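Under the working numbering, the first residue of the sequence shown is numbered 62, with each subsequent residue one higher. The C-beta atom is built at its ideal place from N, Cα and C for all residues, glycine as well. Just so it is clear, the structure is predicted and the values come from calculations on it, not from any experiment. A quick write-up on the structure given underneath.
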Amino acid sequence: MAVLSRPPFVRPVFSALPPKETPHDEPEDISSLHDLIRFNAHTNPNHVFCIQAQAVKDFESKRPFDAVYITYRQLEDAVHRCADWLSRNLESTEQSNDSGRSAPIAIYLESDVGLFIHLVAIQVLDLPVLLISTRMSASNVEHLMSETSARTILVTKRTAPLVAGLIDRSLDIKTAEPYTTFLAAEGDPQSLDSWPRDINGARAQRVERDGNDRSLILHSSGTTGFPKPIHLTKRYLLQYASCHGFAPDEKVDWINLTTLPLYHGFGQLAPCLSLSLGMTCCFPPSSIIPAGQSTLDLLNTFRCRSLMTVPSIVDDLLALDGALDQLADLAFLAVGGGAMKPAQGLQLKSRKVKLLNHYGVTEIGAIAHIFRPNDDYDWRFLRLRTDLNLQLRPVEGSPRFRLVGYPLGWEEPFEVQDELERNGDSSPDDIEVRILGRMDDVIVLKTGEKVQPQHLETVLNADPLIKTGICVGQGSFELAVLVEPAESRQSEAAQDPADFIDHVWNLISATNSSLDSHARVSSKAAIIVKPLGKTIPRTDKGSVSRRQVHEVFAEEIEAAYAVLETELANDSPGSEGLDLDDLTGSILRMTQTVFPNFLGNKRDDFFEHGMDSLQAARLNRLLTSAMRRHDSSRQMSLPEIKMSPEFIYQNPTVERLSAVVRERLLSSEDETKWTTEPQDRLHEMDAFAERFTANLTSDTDARKFMSLKQPQVVLMTGATGNLGTHTLSLLTSMPAISKVICLHRGARSVQSNKDGSKSPLERFKASVASNGIHLEDAAWAKIELVDYAEFLRDDQRTYDAQASGNPRDISQSLFLQIAQQVTQIIHLAWPMDFQRTLESFTPHLQMVEALVRLGRVGRSLRPSGAAQPVRLIFSSSIAVVRNYHKRSTAQNWSPVAEELIDDPSASAPIGYPAAKWVCERMLSHIYRSCSDEVEPVVLRIGQLSGPEAPGSGQWKTGEHFPTLVKASKAIGAFPDLKGAMSWMPVDRAAQVMTDILFYPGKPDCFLHLENPMRQPAADILTFLSEELGLLGVARLPFEEWLQKALDVGIGGSLSAFFQDHFRDLALGTIVLDTTKARAISPTLKGSNAVQKELIVRYIRRWKELGLFE
């Protein structure tokens, strides 16, 4: 220990960020980690850089650890010796690109000081270096090396078996020397001015390449797929060295223990702070996995006075006798790498432990200072550092914030995906924030609904009886939770889990009311207690890997969902059984049990009234249970009833459920013909078309209403969608338009603002802004909101009154007041839900009826000599003609004509396009019968991309093509797509729509909106691959790619679309003829292909939004 006696440490002076202007004749003294080492070797040569603990080989020794003490003089010499060894033992590397940059050297070494020495040595040789976690599997290692063009990987005797024979045999696997090989004993003659040879054998020059060159490569954790390489600069590691809040004259002369692996950013913090502060760091032996007892032993053995660790080790420490007393003596306990449990923090603070909350992201580095906290510091918050130009940006419409940083060497900012809360009590000089959870950490249910699980997980993890709680349910109809009991309860819970499950259920029940209805846990059966024989997988930093949890506990998760599907729900009031004499009443009561807000009649659609996927799943269970009990009471040998929640989507009314359930209950056949699918889909589509067409030509005699002449006013639906928002922006900018009336759900009380919540108008504005559109006050002055449901109700009242011969006065009717103003209509609103059946879209067919009546009445209210017909644009879909070429009358590969397709078999076999096909039939009838009153235009729309105008929004990440790109990035390869794509930027599409809306002539009833300039899919994939670092990676057969996408948990809600429809709709099998539309729209006529620069901009915007995290 005598080596620790030393003169005061002289701190180096340097900047985390490069100076804005540096004259060529005055280079910086310190711009890299090696510069820091060189400074300390000269200025603080005998100060101890680190203590490398070693496992004791003498089992009779009473000391738990031996150690190697390394001074700064020894460190620099070891780096130079290692660099010299590397230059002699590594083959001359091939150039990886046109810039002449060498291929990276991969480090796959155990976490000890040897890794640190090799890292700096490779940088001394001016070679790129790829740092790989030894917890990465062989396939992940191979992926990272392929992504970065690395050909050589350094391993040790322990890590070599993890990859040998399992990765590309052409890669050069080189066994590194142990760090002790490079250490010189104190007193040995050394030449601090010696410099190693470079990789090609010649003496290296002192002037190294730019420290801001992106030659350091770290990687993400790979929790959602393959890990992604993150390219950083040499200077990046200086940001860790400057990450502290100690005053220049404050002594920091103690030993700091770190349990973090050196192949991650948090692990680099301790050695880098040693270089800048003289705070000697202590590394655990590389032969152990740090845990509570070993950490305590290291603190005691080496008299460490501070500790950097992760929450899971804190958990272990709290279970050890005497640990709290020892932790209370530390200068600080810095905890990062994951969220601490509130119970942990409270317990530590109650014992006066100087707890320090720490956080970082690989792209930016550590964002919270290391300092010695006092009693005023609130451990729940991070104290942000001020030397990295970090920016806190408010989340629009929320009191919360997002953090934006500027990674060195990057051309664009990086937005951290965690949602933050600011500490209002912190000073402006020491801004403090609390992490609320990742905004991109979502579970996508089978219906496509997204669940952010952080709130429920926070509640579970805060409970002292629970060690870990994590939500699962990717691709299922509802959430389940996997729960690991606290150490003290694990044996008890394994033997008799009932009490523990009751405890967890009480926590969940108390939390459910604060969650979105589809995000709630519906039953105790959804609680999975972790079995003793399995371990919850975690990342290197201790956080739970959700993707791996689904893999490791696949059997338990599958069993839980099987129970959920068959549970009898005896505790539900609606489970008393089915009464055949009042079957409608029985099913209505069951519906109201799971969906209390349903106040409709037996013909009302559940989903139009707001039923979500979880309520559909629960209703399905109640029905299944009741039907099985009924079969059992009949003592008949009938097939077992197996129903999934799709049954509710296919029969979304009490009336329809009653009919199909009655048919099944009264069946006496062993092989029942009862099915959950419609018996004749095409017949059903024809029947709907006839039913709704019949109501469209009723009398609208102008003499029954008061005539008024009004200026041009556009009514539109779907104004908050991406296309709708861009269209709204165009309309409000036109001087000829005096008003835009937007039918909007929830707009009934536009001025209300109860309990401090947002008014509907404020929510509407926030929705518009979320699409990247910012309207001026003059534009907002033209917009009027009308409640969607109230409009439909008043239409029905007006229709009924007119049919009865008692027409309403305009002053009494919202419908008539709108009709007397409207001159054009754009109908865009349509639920994007591929689960729903045709019948479930009935309210949307009724809206088309109402809009036709509105146009006819509006035309009748104007003087006959001056009034023009009201033009009504209805946005249809390319999916309506999905099977166009399969019809017997269609010519293979001919474009789809701009005309009515009378054959329902042309449509994709799902409710969404089937309902649009019915609307097309309705509007075609109107065009033929009364186009002098209403002039309908059916606009079949192809693939829309994001906007092309800079700063006008983004291509929404939830759509199918961004999802395909996200999955490809996670997998490490794109699918092999053949054919040509047609992408129409959404703002260009909005301009085409307004061209058609105000075309002075009479347009045809059917027009197509698709970019006529198609471009090869291979070209688009090349642009994408180049930007995402996948250029040269072999593309996968589509079926293989889709399975891999599902395996990494991406695209589950769109799997059926990708499997059955994507290739035909997106790759040129279905081409929309645009001859007629181009003759009307100058924008469409001049439309060109989407350029590479725009595609690159889409990718970079998706990166900012965290799509690839």
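If you count every other CB in all the chains shown that lies within 10 Å of the CB of residue 832, and 16 or more means buried, which is it?
-> Working through the sequence shown from its first residue, we reach residue 832 at position 771. The residue is buried, with at least 16 neighbouring Cβ atoms inside 10 Å.
Leaving out five residues before and five after residue 336 in sequence, what residues of the same chain have Cβ atoms less than 7 angstroms from its Cβ?
-> For the purposes of this step, residue 336 is identified with residue 275 of the sequence shown, where counting begins at 1. Excluding residues up to 5 positions away in sequence, 97, 98, 101 and 302 lie with their Cβ nearer than 7 angstroms to the Cβ of residue 336 in the same chain.
Alpha carbon to alpha carbon, what distance is there between residue 1032 and residue 1112?
-> The residue you call residue 1112 lines up with position 1051 of the sequence shown. The residue you call residue 1032 lines up with position 971 of the sequence shown. Answer to the nearest angstrom: the Cα atoms are 12 angstroms apart.
Could you tell me whether the segment 322-341 touches the segment 109-117, where touching means 3 or more Cβ pairs closer than 8 angstroms?
-> These segments touch.
Apart from the five residues just before and just after residue 573, which ones in its own chain have a Cβ nearer than 8 angstroms to its Cβ?
-> Position 512 of the sequence shown, counting from 1, holds the residue named residue 573. 581 and 582.
Under 8 angstroms Cβ to Cβ from residue 315, same chain only, skipping five residues before and after it: list those, please.
-> As a working note, residue 315 is residue 254 in the sequence shown. Taken in chain order, the residues that qualify are 340, 341, 365, 366, 367 and 392.
In this structure, what does DSSP give as the bridge partners for residue 938?
-> Position 877 of the sequence shown holds residue 938. DSSP lists 1002 as partners of residue 938.
What does a CB cutoff of less than 8 angstroms around residue 388 pick up in its chain, not counting 5 residues either side in sequence?
-> Stepping through the sequence shown from its first residue, residue 388 is reached at position 327. Short of 8 angstroms from the beta carbon of residue 388, and not among the five residues preceding or following it, lie these beta carbons of its own chain, in chain order: 368, 378, 394, 409, 412 and 414.
Residue of 419, 657 and 687 minimising C-alpha distance to residue 673 | Start at 1 with the first residue of the sequence shown, and residue 673 comes out as number 612. It is 657.
Residue 774 lies in the beta strand (DSSP E); which residues open and close that run?
-> Within the sequence shown, the letter at position 713 stands for residue 774. Counting along the chain, residue 774 sits inside the beta strand (DSSP E) bounded by residues 774-778.
Under 7 angstroms, do residue 988 and residue 967 count as touching if we go by C-beta distance?
-> Residue mapping note: residue 988 aligns to position 927 of the sequence shown, counting from 1. Residue mapping note: residue 967 aligns to position 906 of the sequence shown, counting from 1. Pairing residue 988 with residue 967 gives a Cβ-Cβ distance that is not under 7 angstroms.
C-alpha gap between residue 848 and residue 933, whole angstroms = Here residue 848 refers to the residue found at position 787 of the sequence shown. Here residue 933 refers to the residue found at position 872 of the sequence shown. C-alpha separation (whole angstroms): 19 angstroms.
Flag this pair as touching only if the segment 1055-1062 and the segment 1023-1041 have three or more C-beta atom pairs under 8 angstroms; answer yes or no.
-> No: fewer than three Cβ pairs fall under 8 angstroms.
Would residue 733 be called buried (16 or more neighbouring beta carbons within 10 Å of its own) or exposed?
-> For this step, residue 733 is matched to residue 672 along the sequence shown. Per-residue confidence for residue 733 stands at a pLDDT of 41, beneath the threshold of 50, marking its modelled position as unreliable; the derived number appears in the next sentence. Residue 733 should be labelled exposed.
Are at least three pairs of beta-carbons, each pair with one atom in the segment 545-565 and one in the segment 520-535, less than 8 angstroms apart?
-> When C-beta atoms of the segment 545-565 are compared with those of the segment 520-535, three or more pairs fall below 8 angstroms, so the two segments count as touching.
Going by DSSP, what residues sit across from residue 344 in a beta bridge?
-> Locating residue 344 in the sequence shown gives position 283, where the first residue counts as 1. Checking the DSSP bridge columns, you'll see residue 344 partnered with 113.
Exposed or buried, residue 453, counting other C-beta atoms within 10 Å across all chains shown (16 or more means buried)?
-> Counting from one through the sequence shown, the residue named residue 453 turns up at place 392. Classification for residue 453: exposed.
Determine the direct distance from the alpha carbon of residue 801 to that of residue 1156, and round the result to whole angstroms.
-> Within the sequence shown, the letter at position 1095 stands for residue 1156. Within the sequence shown, the letter at position 740 stands for residue 801. Straight across, the Cα-Cα distance linking residue 1156 with residue 801 is about 33 angstroms.
Assuming residue 213 and residue 235 form a contact by the criterion Cβ under 8 angstroms, report the distance between their Cβ atoms to the nearest whole angstrom.
-> Within the sequence shown, residue 213 is the residue found at index 152, counting from 1. Within the sequence shown, residue 235 is the residue found at index 174, counting from 1. Cβ atoms of residue 213 and residue 235 come within 8 angstroms of each other, at about 6 angstroms.
With DSSP collapsed to three states, give me the class of residue 534.
-> Taking the sequence shown and counting its residues from 1, the one referred to as residue 534 is at position 473. When DSSP states are grouped into helix, strand and coil, residue 534 belongs to the coil group.
Per-residue burial, residue 252 [other beta carbons within 10 Å of its own, 16 or more giving buried] = The count along the sequence shown starts at 1 and reaches residue 252 at position 191. With a pLDDT of only 46 at residue 252, under 50, the local geometry of the prediction cannot be trusted, and no value is derived from it.
Three or more beta-carbon pairs under 8 angstroms between the segment 1148-1166 and the segment 1007-1023, yes or no?
-> Short answer: they touch.
When you compare each of 1093, 929, 671 and 169 to residue 193 by their alpha carbons, which one comes out closest?
-> Position 132 of the sequence shown holds residue 193. For residue 193, the nearest C-alpha among the options comes from 169.
Helix, strand or coil: which one does DSSP assign to residue 169?
-> Your numbering for residue 169 matches position 108 in the sequence shown. Here DSSP, grouped into helix, strand and coil, assigns residue 169 to strand.
Excluding five sequence neighbours on each side, which residues of the same chain lie with their C-beta closer than 6 angstroms to the C-beta of residue 648?
-> As a first step, residue 648 must be located in the sequence shown, where it is residue number 587. 715, 718 and 719.
Using three-state DSSP, classify residue 1160 as helix, strand or coil.
-> Here the question's residue 1160 lines up with position 1099 in the sequence shown. Residue 1160 falls in the helix class under three-state DSSP.
For the putative contact between residue 780 and residue 803, defined by C-beta atoms under 8 angstroms, what is the C-beta separation to the nearest angstrom?
-> Here residue 780 corresponds to residue number 719 of the sequence shown, with the count starting at 1. Here residue 803 corresponds to residue number 742 of the sequence shown, with the count starting at 1. About 4 angstroms separates the two Cβ atoms, so the contact holds.
Under a three-way DSSP split, which group does residue 573 fall into?
-> Here residue 573 refers to the residue found at position 512 when the sequence shown is read from its first residue. If DSSP states are grouped into helix, strand and coil, residue 573 belongs with the helices.
Measure how close the beta-carbons of residue 923 and residue 995 come, nearest whole angstrom, since I'm counting them as under 8 angstroms.
-> Within the sequence shown, numbered from 1, the residue matching residue 923 stands at position 862. Within the sequence shown, numbered from 1, the residue matching residue 995 stands at position 934. About 13 angstroms separates the two Cβ atoms, so there is no contact after all.
Thinking C-beta only, is residue 520 closer than 7 angstroms to residue 11?
-> In the structure displayed, the chain extends from 62 to 1170; residue 11 sits before or after that span and is not available.
Minimum length 4: unbroken alpha helix (DSSP H) runs contained in the segment 836-865 = Taking only runs of at least 4 residues, the alpha helix (DSSP H) segments lying wholly in the segment 836-865 are 838-841 and 849-864.
Expressed to the nearest angstrom, what Euclidean distance is found between the alpha-carbon atoms of residue 544 and residue 421?
-> Counting from one through the sequence shown, the residue named residue 544 turns up at place 483. Counting from one through the sequence shown, the residue named residue 421 turns up at place 360. Residue 544 and residue 421 have their C-alpha atoms roughly 27 angstroms apart.
Assuming residue 228 and residue 199 make a contact with CB atoms under 8 angstroms, what is their CB distance in whole Å?
-> Position 167 of the sequence shown, counting from 1, holds the residue named residue 228. Position 138 of the sequence shown, counting from 1, holds the residue named residue 199. At roughly 5 angstroms, the Cβ-Cβ gap stays under 8 angstroms, so residue 228 and residue 199 are in contact.
What does DSSP give as the partner residues of residue 589 in its beta bridges?
-> To locate residue 589, count along the sequence shown from 1; it is residue 528. Bridge partners of residue 589: 543.
Boundaries (first-last residue) of the beta strand (DSSP E) holding residue 234 = For the purposes of this step, residue 234 is taken as the residue at position 173 of the sequence shown. Run containing residue 234: 233-236, per the beta strand (DSSP E) assignment.
Sorted by chain position, which residues of the same chain lie with C-beta nearer than 8 angstroms to residue 858's C-beta, five sequence neighbours on each side aside?
-> To locate residue 858, count along the sequence shown from 1; it is residue 797. 869, 874 and 876.
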